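Residue numbers (the numbering used here): 4 to 268. We put the beta carbon where it would ideally sit given N, CA and C, even for glycine. A quick note: this is a predicted structure, and the numbers were derived from the prediction, not measured.
Put into structure tokens, the structure is as follows:
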């Protein structure tokens, strides 16, 4: 399929076909299912996501399994644990070599990734699809030395030529509300020149582009690096909500960057 002719209808059709093919397959792992690769894969310890990236010609999909201990779950997977096999859509032993790992601070953050990004089919060249009727999935960012702007949806084609695709970082209504409630925190952290937040996105500028807090905020969206602590936010219910919200956006951005890296390999 030519990318320029790709439509969301085609995405839905491809997803249904993939699901049907999987359902028609049977799990037939018997005996020792241990993966005997030339180089033994060592899973990290701690919470995170075991995942497989399914890459097609024009779309991709992430299959994942949330784990409180990646090393333990990977061992169970090699022993043929059906719940993990089914979550990763593994039907052949050779697919074990495609299993990847993404570590998170806790299991709850891995579940955020599962809810937002796993078992969804995304276009590889998303900006080709984006127009007024089909705005796409991702957030997009325009950034300069003293400002940056984030769009929750793309409403134009070839946006990747001018903006940075941040990936699907969550519900835009929730994001708009959280960012609006963060205004006083931003103003207390660095000299804000302009602050605008709507249901379409938000824009922030500063009168001091060398301010480290402004740079860290910009890098938060660019790289997912989260330097906030509970003391960054007010000691209120809203403050606690914002603290966890920034953690969630951070882990989604970091995982999306990992997927982009995986796609390029």
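So residue i and residue j are in contact, right, with Cβ under 8 Å, and what is the actual spacing, rounded?
i	j	result
residue 82	residue 255	Actually they do not touch by this definition, with Cβ atoms about 31 Å apart.
residue 208	residue 196	4 Å
residue 170	residue 157	With 8 Å as the limit, residue 170 and residue 157 do not qualify as a contact, their Cβ atoms being about 12 Å apart.
residue 257	residue 173	About 14 Å; that fails the 8 Å criterion.
residue 101	residue 62	Actually they do not touch by this definition, with Cβ atoms about 17 Å apart.
residue 205	residue 253	Contact flag wrong, Cβ pair sits at about 17 Å.
residue 168	residue 128	Not confirmed; about 10 Å, so no contact.
residue 155	residue 178	6 Å
residue 262	residue 56	7 Å
residue 148	residue 212	5 Å
residue 103	residue 265	7 Å
residue 76	residue 87	6 Å
Starting from residue i, trace the beta strand (DSSP E) both ways and give me its first and last residue.
i	result
residue 218	It is not in any beta strand (DSSP E) - residue 218 instead sits in the alpha helix (DSSP H) that spans 215 to 226.
Which residues does DSSP pair with residue i in a beta bridge?
i	result
residue 52	69 and 105
residue 79	DSSP lists no partner for residue 79.
residue 200	205
residue 92	DSSP output for residue 92 lists no bridge partner at all.
residue 236	DSSP lists no partner for residue 236.
residue 62	126
residue 57	64
Please report the residue range of the alpha helix (DSSP H) in which residue i lies.
i	result
residue 247	240 to 267
residue 120	110 to 120
residue 99	Note, residue 99: premise wrong, no alpha helix (DSSP H); not H, not E.
residue 84	Per DSSP, residue 84 belongs to no alpha helix (DSSP H) and is neither H nor E.
Pairing CB atoms from the segment 51 to 64 with CB atoms from the segment 109 to 123, are three or more of them under 8 Å?
-> Touching, yes, given that three or more Cβ pairs across the two stretches are closer than 8 Å.
Can at least three beta-carbon pairs, one atom from the segment 240 to 251 and one from the segment 210 to 218, be found at a separation below 8 Å?
-> No: fewer than three Cβ pairs fall under 8 Å.
Going along the chain, which unbroken runs of the alpha helix (DSSP H) with 4 or more residues stay wholly within the segment 125 to 196?
-> Every alpha helix (DSSP H) of 4 residues or more that sits fully in the segment 125 to 196 is shown, in chain order, as 129 to 132, 175 to 184 and 186 to 192.
Please confirm if the segment 194 to 212 is in contact with the segment 226 to 244, defined as three or more CB-CB distances below 8 Å between the two stretches.
-> At 8 Å Cβ cutoff, the stretches do not touch.
Do the segment 61 to 76 and the segment 91 to 101 meet, that is, are 3 or more Cβ pairs less than 8 Å apart?
-> Output reads yes: the segment 91 to 101 touches the segment 61 to 76.
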